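Q: With my numbering, you'll find the sequence shown wraps up at 426, consecutive numbering, no jumps.
Backbone N, C-alpha and C define an ideal beta-carbon position, used for all residues, glycine too.
Quick caveat: nothing in here was measured; it's all calculated off a predicted structure.
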Amino acid sequence: MILSLAVYTGSAIVMAWLGWHVAHREQRLMAKGGAELPLWSWELLASVLFYVVVSALRWQTSWDYNMYYNYYVAMQSLGSYSRENFEPGFALVTLTMSRAGLHFAFYFAFWALVQIVLIFYAIRHRKVLLPWFALCTFLGPYYIFWMGFVRQCVVEALFVVMVELIVRRKFWWYLLLSLVAISIHKMCVLFIPLYLIPLIPVRNGKRWLPFAVILLCVLLGSFPQWIRWTFDQIGQFAQILGYGHYHRLFASHNLEYAFRFVIGPARLFPLVSCMVMIWYYPSIKRMFADDNCLPALYRFSIVYMGYINLFANTTQYLARPGELMRTCFVIMLCYLLHYLWRERKWIPFAVVAFSNFYYVFYEIAKAARTGGSIYWPELYHTFLL
Numbered sequence: 042m043i044l045s046l047a048v049y050t051g052s053a054i055v056m057a058w059l060g061w062h063v064a065h066r067e068q069r070l071m072a073k074g075g076a077e078l079p080l081w082s083w084e085l086l087a088s089v090l091f092y093v094v095v096s097a098l099r100w101q102t103s104w105d106y107n108m109y110y111n112y113y114v115a116m117q118s119l120g121s122y123s124r125e126n127f128e129p130g131f132a133l134v135t136l137t138m139s140r141a142g143l144h145f146a147f148y149f150a151f152w153a154l155v156q157i158v159l160i161f162y163a164i165r166h167r168k169v170l171l172p173w174f175a176l177c178t179f180l181g182p183y184y185i186f187w188m189g190f191v192r193q194c195v196v197e198a199l200f201v202v203m204v205e206l207i208v209r210r211k212f213w214w215y216l217l218l219s220l221v222a223i224s225i226h227k228m229c230v231l232f233i234p235l236y237l238i239p240l241i242p243v244r245n246g247k248r249w250l251p252f253a254v255i256l257l258c259v260l261l262g263s264f265p266q267w268i269r270w271t272f273d274q275i276g277q278f279a280q281i282l283g284y285g286h287y288h289r290l291f292a293s294h295n296l297e298y299a300f301r302f303v304i305g306p307a308r309l310f311p312l313v314s315c316m317v318m319i320w321y322y323p324s325i326k327r328m329f330a331d332d333n334c335l336p337a338l339y340r341f342s343i344v345y346m347g348y349i350n351l352f353a354n355t356t357q358y359l360a361r362p363g364e365l366m367r368t369c370f371v372i373m374l375c376y377l378l379h380y381l382w383r384e385r386k387w388i389p390f391a392v393v394a395f396s397n398f399y400y401v402f403y404e405i406a407k408a409a410r411t412g413g414s415i416y417w418p419e420l421y422h423t424f425l426l
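#1: Helix, strand or coil for Phe147? Go by DSSP, reduced to three states.
#2: Tell me the DSSP secondary structure of Thr411 in three-state form.
#3: Quick check on Thr355: does DSSP put it in helix, strand or coil?
#4: Should Phe264 be counted as a contact of the ligand NAD given a C-beta to heavy atom distance under 7 Å?
#5: Between the C-alpha atoms of Ser293 and Trp152, what's the straight-line distance to the nearest angstrom?
#6: Out of curiosity, what's the CA-to-CA distance linking Val204 and Phe232?
#7: So is Leu260 buried or exposed if we call it buried at 16+ other beta carbons inside 10 Å?
#8: Quick one: measure Cβ to Cβ for Gln117 and Arg361, integer angstroms, because I've assumed they're closer than 8 Å.
#9: Alpha carbon to alpha carbon, what distance is there between Leu171 and Gly262?
#10: Using a Cβ-Cβ distance under 8 Å, would Trp214 count as near chain D?
#11: Going by Cα to Cα distance, which pick from Trp61, Trp100, Ala253 is closest to Gly189?
#12: With a threshold of 8 Å on Cβ separation, who are the neighbours of Phe131 within its own chain once the five nearest residues in sequence on each side are excluded?
#13: In the DSSP output, what is Arg99 paired with across the bridge?
#14: Relative to the alpha-carbon of Cys177, which residue among Phe395, Tyr403, Ile405, Glu419 has its alpha-carbon at the smallest distance?
#15: Along the chain, where does the alpha helix (DSSP H) containing His62 start, and where does it finish?
#16: Terminal residues of the continuous alpha helix (DSSP H) containing Ser314?
#17: So, at 8 Å on beta carbons, what are the nonlocal neighbours of Tyr162 in its own chain, with the 5 sequence-adjacent residues on each side left out?
#18: What residue range is occupied by the uninterrupted alpha helix (DSSP H) comprising Pro242?
#19: Should the region 319-328 be regarded as contacting the region 375-391, the criterion being three or more beta carbon pairs within less than 8 Å?
#20: Using the C-alpha atoms, what's the distance from Leu220 back to Val134?
#21: Would Phe370 and Gly181 be called neighbours here (beta carbons separated by less than 8 Å)?
#22: Using the Cα positions of Trp214 and Ile157, report the straight-line distance between them to the nearest angstrom.
#23: Would you be able to state if there are at least three C-beta pairs under 8 Å between the region 84-96 and the region 45-65?
#24: Is Pro251 helix, strand or coil by DSSP?
#25: Alpha carbons only, please: which of Tyr339, Cys258, Leu377 is nearest the one belonging to Val317?
#26: Look at the alpha carbon of Leu206 and the alpha carbon of Pro306, and state the distance between them as a whole number of angstroms.
#27: Applying the criterion that 16 or more other CB atoms from any shown protein chain within 10 Å of the CB defines a buried residue, is Gly347 buried or exposed?
#28: How would you call Asn354, buried or exposed, if buried means at least 16 neighbouring beta carbons within 10 angstroms?
#29: Would Tyr298 be called buried (16 or more neighbouring beta carbons within 10 Å of its own) or exposed?
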């Protein structure tokens with residue numbers, strides 16, 4: 042428990058300070074007529090190195106981590122790949138690194154490096170968000186999820202980069218990166234229709250519309266029996282996404298087991314943050330008037346929150362397609378926190394900050410109190426000890 046608290050809070054503080062330092066240094070330079078600081082600024086390089094080292098030293102934390110760890114170690118000892126349905130891009134990296142005899146820490150370090158570099162590249166022109174990103178990531182649930190679902194975390198980060206391509210109408214580059222993402226996770230075939238979401242015309246100034254969408258999804262998600270009929274219709278599409286075995290599991294005669302009613306902090310607090318985000322979005326847009334990616338990130342955040350709540354009372358497997366947009370939501374939280382802090386709106390800031398920074402402390406305390414095993418994702422373990 043002490044190690045977990047030290048790692049997560051320490052990482053949040055270190056990376057937040059580095060982000061604050063580079064953002065303020067850039068602002069001072071630009072005030073004197075200078076240019077933006079590049080991605081290879083020492084603060085960003087230090088942040089990347091710190092993130093990668095912390096991620097590489099994690100060990101046997103959560104079921105999905107152990108799955109990847111076991112496949113990698115088995116490949117080194119047996120010389121054969123024990124899972125045939127991994128996507129070709131992901132399989133190629135795994136095979137190459139395992140056959141090179143690299144320690145598994147380098148394997149997880151590689152994927153962490155890809156993830157953090159993609160996110161830093163996506164917000165390279167918005168360095169003021171870096172401190173908030175560090176705090177949201179390490180004190181919220183996001184780092185823990187990203188480090189568990191290795192393939193998914195990488196394509197989530199890649200999608201934030203691809204949002205800029207949508208805004209600039211670079212469809213063929215977008216399609217190319219979609220194919221790269223599909224080679225890592227088949228579910229990324231959904232990136233192709235997602236291209237259309239920021240292009241749908243919606244009249245500005247209608248805050249009631251996203252409020253209504255979220256509340257409707259919460260209402261429908263509270264009575265998920267309608268999914269029974271849907272699953273009977275999408276069998277072939279589930280096969281394309283690599284979810285054919287889940288479709289068979291969730292067939293109408295089996296689906297009853299998947300229904301559950303879950304409502305707690307992990308669901309309520311992101312919902313609260315989203316509602317505050319919707320309310321202040323017009324003001325955030327005015328503050329970042331020169332940021333062309335902001336409206337697209339906002340739309341994807343609304344779709345993400347609606348989708349997550351639509352399937353909140355079923356099973357995590359159904360929520361995963363929506364989680365492709367999760368990093369967009371995290372970036373929008375950073376915009377929101379920065380705006381509230383700059384404008385000194387202390388009450389909504391306190392609500393949003395608490396809603397996003399409580400998670401690690403709450404979950405670690407739960408794990409320690411209930412005697413959580415080594416497989417609890419909230420606990421940090423390292424092979425060094």
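A: Short version:
#1: As a working mapping, residue 147 is identified with position 106 in the sequence shown. Here DSSP, grouped into helix, strand and coil, assigns Phe147 to helix.
#2: Numbered from 1 along the sequence shown, position 370 holds the residue referred to as residue 411. Residue state for Thr411 is assigned as coil, using DSSP reduced to three classes.
#3: What you label residue 355 is simply residue 314 of the sequence shown in a count that begins at 1. Thr355 falls in the coil class under three-state DSSP.
#4: Judged by which ligands are present, the structure shown has none, so any question about the ligand NAD falls away.
#5: Here residue 293 refers to the residue found at position 252 when the sequence shown is read from its first residue. Here residue 152 refers to the residue found at position 111 when the sequence shown is read from its first residue. Residue confidence for Ser293 is low, a pLDDT of 47 falling below 50, so the modelled location carries little weight; the figure read from the coordinates is stated next. If you take the alpha carbons of Ser293 and Trp152, they lie about 37 Å apart.
#6: Mapped onto the sequence shown, residue 204 falls at position 163. Mapped onto the sequence shown, residue 232 falls at position 191. Distance between the alpha carbons of Val204 and Phe232 is about 10 Å.
#7: Within the sequence shown, numbered from 1, the residue matching residue 260 stands at position 219. Here Leu260 is exposed: its Cβ has fewer than 16 other Cβ atoms, across all protein chains shown, within 10 Å.
#8: Counted from its first residue, the sequence shown places residue 117 at position 76. Counted from its first residue, the sequence shown places residue 361 at position 320. In this structure, Gln117 and Arg361 do not form a Cβ contact; the two beta carbons are roughly 29 Å apart against a cut-off of 8 Å.
#9: On the sequence shown, position 221 is the one that residue 262 refers to. On the sequence shown, position 130 is the one that residue 171 refers to. Within the model, the alpha-carbon separation for Gly262 versus Leu171 is close to 33 Å.
#10: The structure shown contains no chain D; it is built from a single protein chain.
#11: Numbered from its first residue, the sequence shown carries residue 189 at position 148. Of Trp61, Trp100, Ala253, the residue nearest in Cα terms is Trp100.
#12: The count along the sequence shown starts at 1 and reaches residue 131 at position 90. Here the set comprises Arg192, Ser224, Ile225, His226.
#13: Here residue 99 is taken as the residue at index 58 of the sequence shown, counted from 1. DSSP output for Arg99 lists Thr423 as bridge partner(s).
#14: Within the sequence shown, numbered from 1, the residue matching residue 177 stands at position 136. In terms of CA proximity to Cys177, Phe395 leads the group Phe395, Tyr403, Ile405, Glu419.
#15: One-based indexing of the sequence shown puts residue 62 at position 21. Residues 43-72.
#16: Here residue 314 is taken as the residue at index 273 of the sequence shown, counted from 1. Following the DSSP letters along the chain, one finds Ser314 inside the alpha helix (DSSP H) bounded by residues 306-328.
#17: Position 121 of the sequence shown holds residue 162. Same-chain partners within the cutoff: Leu80, Val202.
#18: Looking up residue 242 in the sequence shown gives position 201. Bounds of any alpha helix (DSSP H) do not take in Pro242, whose DSSP letter is neither H nor E.
#19: As far as the Cβ criterion goes, the region 319-328 touches the region 375-391, which means the pair count is three or higher.
#20: Along the sequence shown, read from residue 1 onward, the residue named residue 134 stands at position 93. Along the sequence shown, read from residue 1 onward, the residue named residue 220 stands at position 179. Going from the Cα of Val134 to the Cα of Leu220 covers about 16 Å.
#21: For this step, residue 370 is matched to residue 329 along the sequence shown. For this step, residue 181 is matched to residue 140 along the sequence shown. With contacts defined by Cβ atoms closer than 8 Å, Phe370 and Gly181 do not form a contacting pair.
#22: Here residue 214 is taken as the residue at index 173 of the sequence shown, counted from 1. Here residue 157 is taken as the residue at index 116 of the sequence shown, counted from 1. So the two alpha carbons sit approximately 21 Å from each other.
#23: By the Cβ rule, the region 45-65 counts as touching the region 84-96, because three or more pairs are nearer than 8 Å.
#24: Taking the sequence shown and counting its residues from 1, the one referred to as residue 251 is at position 210. The three-state reading of DSSP puts Pro251 in helix, counting H, G and I together.
#25: As a first step, residue 317 is located in the sequence shown; it is residue number 276 there, counting from the start. Among Tyr339, Cys258, Leu377, the Cα nearest to that of Val317 is on Leu377.
#26: Taking the first residue of the sequence shown as 1, we reach residue 206 at position 165. Taking the first residue of the sequence shown as 1, we reach residue 306 at position 265. Using only the alpha carbons, I get a separation of about 35 Å.
#27: Position 306 of the sequence shown holds residue 347. Classification of Gly347: buried, given that the 10 Å Cβ count is 16 or more.
#28: Looking up residue 354 in the sequence shown gives position 313. So Asn354 counts as buried.
#29: For this step, residue 298 is matched to residue 257 along the sequence shown. Note on Tyr298: pLDDT 44, under 50, position unreliable in the model; the coordinate value appears next. Its Cβ having fewer than 16 others within 10 Å, Tyr298 is exposed.
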